[in-house]
Amino acid sequence: MEILQIPEKNHTPRILLDPGAGIFEFEGISLPEDLFAFYMPVLEWLDAYLAAIRKVENQFSFPAPKVSFKMTYYNSGSVRMLIFILQKLRMIADIQTDTVIDWYYEEEDLHILENGKDLAELTGVTFQFKVLKD
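If you're matching positions, the sequence shown starts at 67 in our numbering and goes up one per residue.
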């Protein structure tokens, strides 16, 4: 599987999905003009990753991912996309049980923390909540 890397821009987050290293990162602001155009490659990549790890011969080919969300701001449309992503990550975690999902927030930004708790509850995903360090 190829690495998916999307650089951060003014209104879109940096996304890194590296199956060989087991690193999945989402970081920054999410206010894309076209949600589906921006997030569709991510959703398609996660579907391909799921298909790959479901094959018996690939079962141990990829390390369980360490996922980090360091989102500083996102709109309601982006929340819908995050829910789709988290649902796929839950399916991955069901197969690769050592998957870790970290949700970072700035200490004074309780809104991001509460949103993370809501997303975890909505999707059935277990987060480790961590304060962002400077």
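Think of the CB as a built atom: it goes at the ideal place given N, C-alpha and C, for glycine as much as any other residue.
- When DSSP states are grouped into helix, strand and coil, E110 belongs to the helix group.
- DSSP places D160 within a helical segment (H, G or I) once states are collapsed to three.
- Relative to S144, the option among D84, L198 and D100 whose CA is nearest is D100.
- Within the same chain, and ignoring the five residues on either side of G94 in sequence, the residues whose Cβ sits closer than 8 Å to its Cβ are E74, T78, P79, R80, K136, M137 and T138.
- The criterion of a C-beta distance shorter than 7 Å is satisfied by D168 and K196.
- Put simply, the backbone Cα of M106 is about 22 Å away from that of G182.
- Judged by beta-carbon spacing, L148 lies beyond the 7 Å limit of V191, meaning their Cβ atoms are not closer than that value.
- When DSSP states are grouped into helix, strand and coil, K154 belongs to the helix group.
- Counting only the Cα atoms, A117 lies some 18 Å from D164.
- The Cβ-Cβ distance between F90 and V133 falls below 7 Å.
- In the displayed model, G190 falls within coil according to three-state DSSP, outside both helix and strand.
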